[in-house]
Amino acid sequence: MVGPSMTDDERTIAGRNLKIGFVALVSASGGLTALQAGGGITIIAAGLIGGLALGSALLWFLVQWWQSLFSKAERRDTRRS
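Take a look at the structure:
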């Protein structure tokens, strides 16, 4: 028999790293956009901070949506059984 390739701890760490990477990507996008537009250091910092806030909000929304999606699927499977 073949079991899961990741332990629960490894899955938790991978999920956390994915979340951090997602927020960092959105934050870097804000900073790089400000840099490309020719902004000074304060504008670039504002872009990074704004991207950090936006990335965190997007992550929160996606996690809530994902959890509700799976809870609906579990309820549907329970009704069929």
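The sequence shown runs contiguously to residue 438 in our numbering. No residue lacks a Cβ here, since even glycine has one placed at the ideal position from N, Cα and C.
Here the alpha carbons of residue 418 and residue 396 stand approximately 30 Å from one another. Residue 403 and residue 384 have their C-alpha atoms some 10 Å from each other. The C-alpha of residue 400 lies about 42 Å from the C-alpha of residue 363. Every alpha helix (DSSP H) stretch that sits fully inside the stretch 361-437 and reaches 4 residues is listed by chain position as 365-393, 398-437. Counting only the Cα atoms, residue 405 lies some 22 Å from residue 420.
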